[in-house]
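>
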Amino acid sequence: LKGRFEDTWAAMEKLLETGKVKNLGVANFSIPNLERLLKTAKVVPAVNQVELHPYLPQHKLLDYCNSKGIHVSAYSPLGSSQSTLLQDPVLNKIAQDRNKSVAQILLSWGVTRSSVLPKSVNPERIQSNIDLIELNDEEIQQINEISKTTTKRFIRPAWGVPVFDEDFE
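If you number the sequence shown the way the UniProt record's numbering does, the last residue is 169 and the count never jumps.
The structure is reproduced here in structure tokens:
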């Protein structure tokens with residue numbers, strides 16, 4: 001079914017009727033791919049799991065998904081092992097001012113926009129990942145503007161269908 005995710009979606013919709021699944025979601029769907037899917041879908045995806053962090057905030061995709069009732073779940077909210085997010089001066093200043101780690105600031109920003117999927121096997125980091133704060137409007141705006149000077153997609157797997165429209169907004 002290469003390139004025909006609509007057919008795969010239709011098959012997954014049938015699983016809902018059996019009661020074997022409760023919700024359906026997608027991953028890495030851009031606005032054009034969501035529009036294409038929604039033309040034929042009987043069921044709107046419950047979630048779109050995407051790479052999302054200050055270097056790839058995907059503002060337009062988030063707005064689009066919200067307008068369609070599709071929850072966005074952010075993976076790689078800290079970037080990746082090659083990420084420079086943890087050294088970003090804006091994030092470090094906010095972290096220092098709030099007496100939190102940069103990771104906690106990134107996760108706090110992420111949950112103001114959607115849900116986040118942080119990863120760690122370290123018990124201390126796992127605990128730290130849930131010790132979040134409520135960022136103020138100025139801090140959120142500062143973080144939202146980071147992508148005006150630095151944009152980066154860290155995860156680039158080859159799936160055989162076009163998934164990225166390179167909209168860093």
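Yeah, the Cβ is synthetic: ideal placement off N, Cα and C, and Gly gets one too.
1. When DSSP labels each residue in this structure, what does V21 get in the three-state scheme?
2. Could you compute how far the alpha carbon of P45 sits from the alpha carbon of L132?
3. Between the Cα of K22 and the Cα atoms of N28, F29, M12, which residue gives the shortest distance?
4. Quick one: what's got a C-beta closer than 6 Å to I94's C-beta in the same chain, skipping five residues either side?
5. Taking 8 Å as the threshold, find out whether the stretch 95-102 comes into contact with the stretch 59-71 through three or more Cβ pairs.
6. Does DSSP put L52 in a helix, in a strand, or in coil?
7. Could you check if N66 is buried or exposed, using at least 16 other CB atoms within 10 Å of its CB as the buried criterion?
8. Thinking just about the alpha-carbon of each residue, which of V90, Q127, K119 is nearest to the one in E145?
9. If contacts are defined as beta-carbon pairs under 8 Å, then F50 and L61 qualify, I think. What distance do you get, rounded to the angstrom?
10. Residues in the same chain with beta-carbon distance under 6 Å from E134, minus the five sequence neighbours each way, listed in chain order, please.
11. Using CA coordinates, which residue listed in N136, H53, V102 is at the minimum distance from S114?
12. I need the straight-line Cα distance from D7 to V47, nearest angstrom please.
13. State the Cα-Cα distance for the pair Q87 and K39, rounded to the nearest angstrom.
14. Relative to the C-alpha of S76, which residue among V116, N28, K100 is closest?
Taking the coordinates as given:
1. coil
2. Straight-line Cα distance between these residues: approximately 28 Å.
3. M12
4. I105, E139
5. no
6. Correct three-state label for L52: coil.
7. exposed
8. E145 has its Cα closest to that of V90, out of V90, Q127, K119.
9. Going by the sequence as given, residue 50 is Val instead of Phe. Sure, about 7 Å apart at Cβ, within 8 Å.
10. none
11. H53
12. 18 Å
13. 42 Å
14. V116
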